[in-house]
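In the working numbering, the protein residues as written are 350 to 785. Yeah, the Cβ is synthetic: ideal placement off N, Cα and C, and Gly gets one too.
This is the structure in structure tokens:
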């Protein structure tokens, strides 16, 4: 086929009414290098509130009162109400705190500001839920309202006689009658009493109407990217900082949200509810039409590691996660997946062993990485022989990271922290990439 020349007329920014001729030569007979359809995807990490306050649809900030041991951050009292954090008689073992509210008279209450305000949208229905116990005379009113609490956009009421000394979940739906960009969620009593609250949730409609799901606007943008893979749950978020206790541990992130303890996202400086947990990540990948690419911890965190001869618990954790994602419902974790609403396997096909754990600073981030890789790879392939295993290479100090091991590797994950100009200059980098 002959080459064709096309003249394009473009409007130059900043020059009104001025156009320029751009010539583009197209030659369909000259094909470039074949590009893998799996090359383009999404790298997700809970950084800068990408989950809570971002992609996760939950509108209540500090819903379980765990963000601060001393005070109920993002919650404020109204009138003569008194707020106090308590750590006795809690909902369950996953919860470390609850909020005790003393209502001293009519009009007393408290509110939550959400994540930089709660968007009230006219005609939108919100699902309110909370756990409570105690005694109250009169009624408890919940409403979405303005900052002063004098304008109500959506309301629900609970009779005082509904409450008891046993933790109970209360639910209601509320439909907004107006728009307001920075509303609050309010609770207000008509009488005296004392109630303990925990896991207060306000959910708008979600992407694909998933329970405990994602914001439709942001998730739709991800869908419109048409990603072929979805890498999760992150980078440093996988590893943790100074301790494995604040690393991502998948089994703590599944099941009812009130049974998830959450953890401090120490690397990025805030607490995460783990409302987007392992199950939700897999569900999101499915909803995006992308293959899930799960990154596992190899027993290394920022500032420390499990000795390589003691990492079997980390390997077992990975195998259990894969059984949850891929196993039949007759298995322990496959049955748990079905219980959580997804009897069909999610079918993870891509597994990355570690995140940036093959660096020049082995004592900090890369202790015996190749040995760890081999132990994880062999254990995974013994049970899932078709799994695509991805290895780590250096992410800093080189434009040509290499795999310096006799251990076989199918795929490598190269990370480049470079300028936009560098990426433009290296557009053809993989045209001559050594794939042996």
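- Cβ neighbours of residue 654 within its own chain (closer than 7 Å, five residues either side excluded): 648, 716.
- Pairing residue 485 with residue 421, the inter-Cα distance amounts to about 21 Å.
- Around the beta carbon of residue 520, a 10 Å sphere encloses fewer than 16 other beta carbons of the protein chains shown; the residue is thus reported as exposed.
- By the CB criterion at 8 Å, residue 455 and residue 490 fall outside the cutoff.
- Under the criterion of beta carbons closer than 8 Å, residue 737 and residue 693 do not qualify as touching, at roughly 20 Å.
- Residue pairing for residue 663: DSSP places it in no beta bridge.
- Looking at the backbone, the Cα of residue 459 and that of residue 659 are separated by about 49 Å.
- Shown here, residue 771 sits in a helix according to DSSP, grouped into three states.
- Residue 550 is bridged by DSSP to 478.
- Excluding residues up to 5 positions away in sequence, nothing lies with its Cβ nearer than 6 Å to the Cβ of residue 691 in the same chain.
- With contacts defined as CB atoms closer than 8 Å, residue 483 and residue 545 qualify as a contacting pair.
- DSSP places residue 644 inside the beta strand (DSSP E), whose first and last residues are 640–645.
- With contacts defined as CB atoms closer than 8 Å, residue 524 and residue 474 qualify as a contacting pair.
- Out of 560, 507, 451, 735, the CA that lies nearest to the CA of residue 542 is found in 451.
- Spanning the alpha carbons of residue 504 and residue 511 requires a straight line of approximately 17 Å.
- In the three-state reduction of the DSSP assignment, residue 699 falls in the strand class.
- Approximately 6 Å separates the beta-carbon atoms of residue 635 and residue 695; this is inside 8 Å, confirming the contact.
- With fewer than 16 other Cβ atoms from the protein chains shown falling within 10 Å of its own Cβ, residue 772 counts as exposed.
- Listed as beta-bridge partners of residue 504 by DSSP are 492.
- In this structure, residue 535 lies near residue 498, with their beta-carbon atoms less than 8 Å apart.
- In this structure, residue 430 and residue 457 form a Cβ contact; the two beta carbons are roughly 4 Å apart against a cut-off of 8 Å.
- In this chain, the beta strand (DSSP E) harbouring residue 452 covers 447–452.
- At the C-beta level, residue 409 and residue 551 come within 8 Å of one another.
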